[in-house]
Amino acid sequence: MTSTPLLPDLTAQAIAAAHSRTSACPCGATVTLAERPDATVVRHADTVAKAHAPDMDVTDLASRMAAATRLPEILLPPLTPIP
Numbered sequence: 475m476t477s478t479p480l481l482p483d484l485t486a487q488a489i490a491a492a493h494s495r496t497s498a499c500p501c502g503a504t505v506t507l508a509e510r511p512d513a514t515v516v517r518h519a520d521t522v523a524k525a526h527a528p529d530m531d532v533t534d535l536a537s538r539m540a541a542a543t544r545l546p547e548i549l550l551p552p553l554t555p556i557p
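Here the sequence shown is numbered in this note's numbering, starting from 475 and rising by one per residue.
Right, dumping it as C-alpha cells:
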C-alpha cells in the first residue's frame, strides 16, 4: 500500500478523536483499513476516520452520513456533522 499525504493527517485526526478525553494510549498503533482513490480509512482504538475523494458529490455524501446517523447499530455514525 502506497502512502499518500492524506494518510498522516487522517491518522492524526483519528488519534485525536479517540483520545479526546485522555492522552493515555494503551490501544496500540493506528491501522490503515483502506487506501483507495475514492476513500482512505484508518482506525485507532474504537475510532474510525474516513476521508472521501475531493470530487465526491456532497449531496450523496450528506445522504450517506444521514443514513449512518439514523442506523448506528448497522453503520458507523459520524462523530461530527458534514463539514
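Just so you know, even glycine gets a beta-carbon here, dropped at the ideal spot from N, CA and C.
For residue i, write down the residues that DSSP places opposite it in a beta bridge.
i	result
threonine 506	Val516
histidine 526	Ala513
threonine 533	Threonine 533 is not bridged to any residue.
threonine 521	His518
At the 7 Å Cβ level, is residue i part of the contact set with chain C, yes or no?
i	result
threonine 485	Absence of chain C from the displayed structure is noted, only one protein chain being present.
Under 7 Å between the Cβ atoms of residue i and residue j?
i	j	result
isoleucine 548	histidine 518	no
valine 515	lysine 524	yes
methionine 539	proline 528	no
alanine 492	threonine 521	yes
To which residues of the same chain is residue i closer than 6 Å at the C-beta, ignoring the five residues directly before and after it?
i	result
methionine 475	Low confidence applies to methionine 475: its pLDDT is 48, below 50, so where it sits in the model is not reliable enough to give any reading.
cysteine 501	Ala519
Alpha carbon to alpha carbon, how far is residue j from residue i? Give it in angstroms, no decimals.
i	j	result
leucine 550	threonine 485	17 Å
methionine 544	proline 479	Methionine is not the amino acid found at residue 544; the sequence shown has arginine there. Their backbone Cα atoms lie some 32 Å apart in a straight line.
aspartate 483	leucine 535	20 Å
Take residue i and list the residues in its own chain whose beta-carbon comes closer than 8 Å to its own, dropping the five residues that flank it on each side.
i	result
leucine 481	Thr506, Glu509, Thr514 and Val516
Within a Cβ cutoff of 7 Å, which residues of the same chain sit near residue i, ignoring the five residues on either side of it in sequence?
i	result
threonine 554	none
proline 511	Ala527
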